[in-house]
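Quick note: the sequence shown uses the working numbering, first residue 29, plus one each step. Backbone N, C-alpha and C fix where the C-beta goes; we use that ideal spot for every residue, glycine too. Here's the structure, in structure tokens; my notes come after.
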Amino acid sequence: MCPIKMPPMGNEIEKKPFETETRDLMDGAARWEIKVHDHGLVALIDVMPRLAPVGKTADYAIVQAARVSYGEGTKQVNEDRGLIRYLARHRHTTPFEMVEFKFHHVMPIFVARQWIRHRTANVNEYSARYSVVRDRFYHPTIENVRKQSTTNRQGGEESIDEMTAKDFIQYLDDSEKLYTRYEALLEKGVSRELARIALPVSVYTEWYWKIDLHNLLHFLSLRMDAHAQQEIRDYATAMFDLVRPIAPIACEAFIDYNVESMRLSRLEIEAIKSGKPLPTENKRENAEWEEKKRKLGLS
């Protein structure tokens, strides 16, 4: 076989070295891993930038991108931490998009289907059309079987009674028996794309998932929130634990200005000024206002 002849390059490439000594932000590791649940996994595979000047983190790439807006030598904000916190405070998000992360995730299908709603990542998922589904199912402990929340229609709250929890575990055991039939149908020649369709959403899938820091922090703000389902919160928390050493200043700003902060509406600001109740009859809005007042020490 003749080798493919490539056309000659039209431009000369000048390869410039780093001006200072650099370090690998993942300390030379191939991946950083955190186990989640029984068979789950969050693994950080790569980060961009991978190399940073000694003594710096990926935060330097945020600052580097931000300062180009001001021109050479201009020092509007001359301290890295102060600049990053200013950008986060004022929602100047583009510089945060200069840092990227590539993850390998292993999670139950029901978690993946919530996850994929966030459409700002690049994703390549395990295909059950081309490959055989592995015998891995999510099995919560008795203590983690929650009853339906009375205030959140799409969520659960505290643990349910033990007898009902055991009944739920048996329900999972029964559904997992379908895997034996799945294997038998494959042996009989049923196509993989059809044999899979009766398997429960507790079965595990996996994917590679790449995203920039700005969109990752937006994802985490929603999926680390107390209103998110516990299972996806566990994955989000694991991701944050992996990202935090890579971009610590940006992550600190995220905690200060997002996770541990709150937004006040015009009506809420007027209620604080006047000392009067919130001027609305909406029950959900009033409940959210009561929660904010508790956090602010106003009730």
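Of the listed residues the options, nearest to residue i (C-alpha basis)
| i | options | result |
| --- | --- | --- |
| residue 165 | 230, 68 and 94 | 230 |
| residue 293 | 314, 111, 207 and 283 | 314 |
| residue 83 | 57, 51 and 300 | 51 |
| residue 241 | 62, 75 and 57 | 75 |
| residue 253 | 235, 286 and 243 | 286 |
| residue 172 | 197, 304 and 152 | 197 |
| residue 27 | 251, 219, 220 and 199 | With the chain covering only 29 through 327, there is no way to say anything about residue 27. |
Alpha-carbon spacing of residue i relative to residue j, whole angstroms
| i | j | result |
| --- | --- | --- |
| residue 191 | residue 135 | 27 Å |
| residue 258 | residue 238 | 23 Å |
| residue 263 | residue 43 | 40 Å |
| residue 170 | residue 281 | 37 Å |
| residue 161 | residue 224 | 8 Å |
| residue 118 | residue 299 | 25 Å |
| residue 130 | residue 86 | 14 Å |
The alpha helix (DSSP H) enclosing residue i, as first and last residue numbers
| i | result |
| --- | --- |
| residue 38 | First-last for residue 38: undefined, no H or E at that position. |
| residue 267 | 258-271 |
| residue 90 | 87-95 |
| residue 208 | 206-215 |
| residue 277 | 276-282 |
| residue 113 | 108-117 |
Identified DSSP bridge partners for residue i
| i | result |
| --- | --- |
| residue 187 | 174 |
| residue 135 | 233 |
| residue 128 | 76 and 240 |
| residue 140 | According to DSSP, residue 140 bridges with nothing at all. |
| residue 81 | 50 |
Residue span of the beta strand (DSSP E) that contains residue i, given as start and end
| i | result |
| --- | --- |
| residue 61 | 60-64 |
| residue 53 | Per DSSP, residue 53 belongs to no beta strand (DSSP E) and is neither H nor E. |
| residue 151 | 150-153 |
At 4 residues or longer, what runs of the alpha helix (DSSP H) sit wholly inside the region 288-319? Runs found: 294-302.
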